[in-house]
Amino acid sequence: MEMSEKSSSASTSISTYLLMIVLIVLALSTVALIWSVTALVEGDQTVAGYLLVIGFIAMGLSVYVLFQSRKRAASMKIEAPKVMTTIECRKCGIKNVREFQRGDFVYKDLEPCQKCDDKMVITAIYKEVKEKEKTYGV
């Protein structure tokens, strides 16, 4: 899996810990609702009412947190930066810029130059930085 695939899948998923907490609270709220029905059948209406309120509030909060975290994870999409490689001929000075390829490293000898047949060398590897639009507060 490439770096860009890892960062995009990580940004759209929910934290495992948060998901576990939400599922535990959801399970406990279901248990509270079941106990409220049991207490109602036994004739204890006050306990049944309290358990019913606790169960519905906990269930509502867990569902709300689940949907909000999914929405936030989807909005926090991270763009992988574009990595570029500069290739230069030592003899004639021709420069080429191309996208980074796996196995590239600085001072790596590459194919011969089209102009002078001397070997070309990778002289720089860098990420392309896009300038953000400047917004001026009025």
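According to our numbering, the sequence shown is numbered sequentially starting from 19. Using N, Cα and C, we set each Cβ at its ideal position, and we do this for glycine too.
| query | result |
| --- | --- |
| Three-way DSSP call (helix, strand, coil) for residue 106 in this model | strand |
| Whole-angstrom C-beta distance between residue 143 and residue 131, which should lie under 8 angstroms | Residue 131 to residue 143, Cβ: 19 angstroms. No contact. |
| Same chain, Cβ closer than 8 angstroms to residue 99, neighbours up to 5 away in sequence not counted | 145, 146, 147 |
| CA-to-CA distance, residue 101 to residue 69, given in whole angstroms | 57 angstroms |
| Residue burial classification, residue 64 (beta-carbon count within 10 angstroms, cutoff 16) | exposed |
| Validate contact between the segment 72 to 79 and the segment 45 to 56 using beta carbons, cut 8 angstroms, 3 pairs | yes |
| Range covered by the beta strand (DSSP E) that runs through residue 52 | Looking at the DSSP string, residue 52 is not in any beta strand (DSSP E); the run it does join, the alpha helix (DSSP H), is 34 to 60. |
| Best match in 115, 45, 84, 57 for proximity to residue 34 [C-alpha to C-alpha] | 84 |
| Length of the line joining the Cα atoms of residue 61 and residue 53 | 12 angstroms |
| Beta-carbon proximity check, residue 133 vs residue 107, cutoff 8 angstroms | yes |
| Whether residue 128 touches residue 115 by CB criterion (8 angstroms) | no |
| Beta-carbon proximity check, residue 40 vs residue 80, cutoff 8 angstroms | yes |
| Residue 58 beta carbon less than 8 angstroms from that of residue 66 | yes |
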